[in-house]
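Take a look at the structure set out below.
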Amino acid sequence: MNGEALPAVEGSTIVEETDLSKSHVSRKLDMLESREPVERKRRRMGEPWF
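Numbering (numbering that gives the first Met the number 0), first residue to last: 0 to 49.
Shown next as C-alpha coordinates:
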(Lines of atoms letter the chains of each structure in order from A; the text may use other names.)
(Lines give C-alpha, C1' and ligand atoms only; values in the text may rest on other atoms or scores of the structure.)
Protein backbone atom coordinates (compact mmCIF):
# COMPACT_ATOMS: atom_id res chain seq x y z
CA MET A 0 0.00 0.00 0.00
CA ASN A 1 1.06 3.57 -0.53
CA GLY A 2 0.05 4.81 2.93
CA GLU A 3 -3.03 6.66 1.73
CA ALA A 4 -6.20 6.12 3.73
CA LEU A 5 -9.14 4.52 1.97
CA PRO A 6 -12.62 5.98 2.39
CA ALA A 7 -14.58 4.96 5.47
CA VAL A 8 -17.12 2.17 5.05
CA GLU A 9 -19.69 1.25 7.67
CA GLY A 10 -19.94 -2.37 8.70
CA SER A 11 -23.66 -2.30 7.97
CA THR A 12 -22.84 -1.41 4.35
CA ILE A 13 -20.59 -4.48 4.12
CA VAL A 14 -23.42 -6.64 5.48
CA GLU A 15 -25.99 -5.14 3.09
CA GLU A 16 -23.79 -5.55 0.01
CA THR A 17 -22.57 -9.08 0.73
CA ASP A 18 -24.05 -12.36 1.92
CA LEU A 19 -22.08 -12.09 5.17
CA SER A 20 -23.79 -12.01 8.56
CA LYS A 21 -23.33 -9.18 11.07
CA SER A 22 -21.39 -11.47 13.39
CA HIS A 23 -19.06 -12.63 10.59
CA VAL A 24 -18.30 -9.05 9.53
CA SER A 25 -17.78 -8.00 13.14
CA ARG A 26 -15.34 -10.90 13.80
CA LYS A 27 -13.36 -10.13 10.64
CA LEU A 28 -13.19 -6.42 11.50
CA ASP A 29 -11.98 -7.36 15.00
CA MET A 30 -9.23 -9.50 13.46
CA LEU A 31 -8.17 -6.77 11.02
CA GLU A 32 -8.23 -4.14 13.74
CA SER A 33 -5.95 -6.29 15.93
CA ARG A 34 -3.45 -6.45 13.05
CA GLU A 35 -3.82 -2.69 12.55
CA PRO A 36 -4.71 -2.35 8.86
CA VAL A 37 -8.22 -1.30 9.95
CA GLU A 38 -9.27 1.32 12.47
CA ARG A 39 -12.84 1.21 13.71
CA LYS A 40 -14.66 4.15 15.14
CA ARG A 41 -17.47 2.80 17.25
CA ARG A 42 -20.74 4.59 17.78
CA ARG A 43 -22.10 5.36 21.22
CA MET A 44 -24.71 3.28 23.02
CA GLY A 45 -28.18 3.68 21.55
CA GLU A 46 -26.94 4.41 18.05
CA PRO A 47 -27.44 1.92 15.23
CA TRP A 48 -25.18 -1.13 14.90
CA PHE A 49 -21.72 -0.38 13.44
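Even glycine gets a Cβ: it sits at the ideal position worked out from N, Cα and C.
Item                                                                                                      : Value
Return helix, strand or coil for residue 8, following the three-state DSSP convention.                    : coil
How would you write the range of the alpha helix (DSSP H) that residue 27 sits in, first residue to last? : 21–34
Residue 123 and residue 19: beta carbons closer than 9 Å?                                                 : With the chain represented from 0 up to 49, any question about residue 123 goes unanswered, as that position is not in the structure.
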